[in-house]
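So in my numbering, spot 137 of the sequence shown is number 123, and the numbers just go up one at a time. Every residue gets a Cβ at the ideal spot worked out from N, C-alpha and C, and that includes glycine. The next block holds one structure in the form of structure tokens; read it before the comments.
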Amino acid sequence: MNFEMAAEMLPFENATVLTSDDCAVINSTYTTGRRGVAGTVIVEKCVGSLAETGANLQACKALGDKVNNRTASMGVALTSCTVPAAGRPTFDINDNELEMGVGIHGEPGRKREPMREADAIVSDLVASIIEDLTARNVKVAEQNEGLLLINGFGATPLMELYLLYNTAAKLFNQHGIQIIRSLVGNYTTALDMAGASVTLCLLDDEIKQHWDSPVQTASLRWER
């Protein structure tokens, strides 16, 4: 609603790109349609790069839609988060449990499971991503380059995020996808939640060009 109100207030032409990379849920009590999660970082970086070249609005929208269609994410949480206005966890979870498919605003996931080793958890996340991209008619078997984003939810040590990256990269490689670009850290958090998400974006020359273009922000900063 807030995004729609902001668009209506703009005094110039605008276009909407909906990020929908979260493959955990389509519709639930907590969301209408698919959610945009960490894949938003990739969409915004690429569209911002194209916009800086002076491309028109429709070209920027087309690129945003393409990046979104080639991106999928799946997250897991070991704890809930505490929204300051509420002052309490958004859901309860035991120390020996994990929540698969959580949202970045503290929404519960699509299923709860007993705690397992990290490699087994990542295997399920990767399988969900491959399944989702395939269901969207993205020919995963024909892709050979990917961008892998391991996103912390706020309370996961960086060392653990790199462990998740190592396993996820190997698993995607088994599907014929070589990880040639990566990002590991806290980019789309759920405040103080312990957990992380895995995001894969299947690259083509255009997406790779705009991801690689120079950027100078607080969280992303590199030259060509």
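Per DSSP, reduced to three states, the secondary structure at T153 is helical. Distances from the CA of L43 to each of V3, D8, S59 were compared; the closest alpha carbon is that of V3. For S35 against V184, the beta-carbon gap comes to about 24 Å, at or over 8 Å, which does not count as contact. Here DSSP, grouped into helix, strand and coil, assigns G89 to coil. DSSP, reduced to helix, strand and coil, places D178 outside both helices and strands of the structure shown, so it counts as coil. A contact between stretches requires three or more CB pairs, one per stretch, nearer than 8 Å, and the region 157 to 166 meets this requirement with the region 108 to 116. Taking the Cα positions, G25 is about 16 Å away from C46. In this chain, the alpha helix (DSSP H) harbouring N55 covers 43 to 55. By the Cβ-count criterion, G40 is exposed, with fewer than 16 other Cβ atoms from all chains shown falling within 10 Å of its own Cβ. Of all alpha-carbon atoms in N82, T153, E83, the one lying nearest the alpha-carbon of I136 is that of T153.
For the options E146, A204, T142, the alpha carbon positioned closest to that of T175 is the one of T142. As DSSP reads the structure, V201 sits in a beta bridge with W208. Look at L119 here: in three-state DSSP terms it is helix.
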